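Single-structure report; data block below.
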Amino acid sequence: MLYSTVPGPSSGRLGPFVGDVFQDIRPDEKRIINILELGPSWALRGALEADVEVLDGSNWAISFDVVYNNFAGVKVQEKKFDPAVTERRIWSMTYLDDGFRILYGRQEAMSAEESFIFVMERDRQ
1 MLYSTVPGPS
11 SGRLGPFVGD
21 VFQDIRPDEK
31 RIINILELGP
41 SWALRGALEA
51 DVEVLDGSNW
61 AISFDVVYNN
71 FAGVKVQEKK
81 FDPAVTERRI
91 WSMTYLDDGF
101 RILYGRQEAM
111 SAEESFIFVM
121 ERDRQ
């Protein structure tokens, strides 16, 4: 991620530390994994997994269902969310090309004006 207005781990911040944020998008599985890494990739890694529902050409509904943390490759914490009380997020893509994606994300109950911006660069592997 290059830039975001969202506070907390989704922006790469964890207390006084700043890490790298990545997304693993799995269209065939309708899943997305938001990943936060602090230090080398083997050190501290947090992940937030979600189901994805494509609403239309530019909007996705995101339902987060599990968050977990690994330290030195060992899972040290996992929390599953109750789907009955987990609020969906709406991601609205405003720009997409081969290198970049810009989207606005918000809780479904929030207005579009309350959205946070995310600017992401595609991994060039």
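Residues in the sequence shown are numbered consecutively from 1, following full-length UniProt numbering.
The C-beta atom is built at its ideal place from N, Cα and C for all residues, glycine as well.
Keep in mind it's a predicted model, so treat the numbers as computed, not measured.
- Below 8 Å, enough C-beta pairs join the segment 62-69 and the segment 42-50 to call them touching: three or more.
- Shown here for residue 5: same chain residues with a beta carbon closer than 7 Å to its own, the five before and five after excluded, namely 116, 117 in chain order.
- Of the candidates 44, 85, 52, the residue whose Cα lies closest to the Cα of residue 25 is 52.
- For residue 78, the enclosing beta strand (DSSP E) stretches over residues 74-80.
- The segment 29-37 makes no contact with the segment 73-80, as fewer than three CB pairs between them are under 8 Å.
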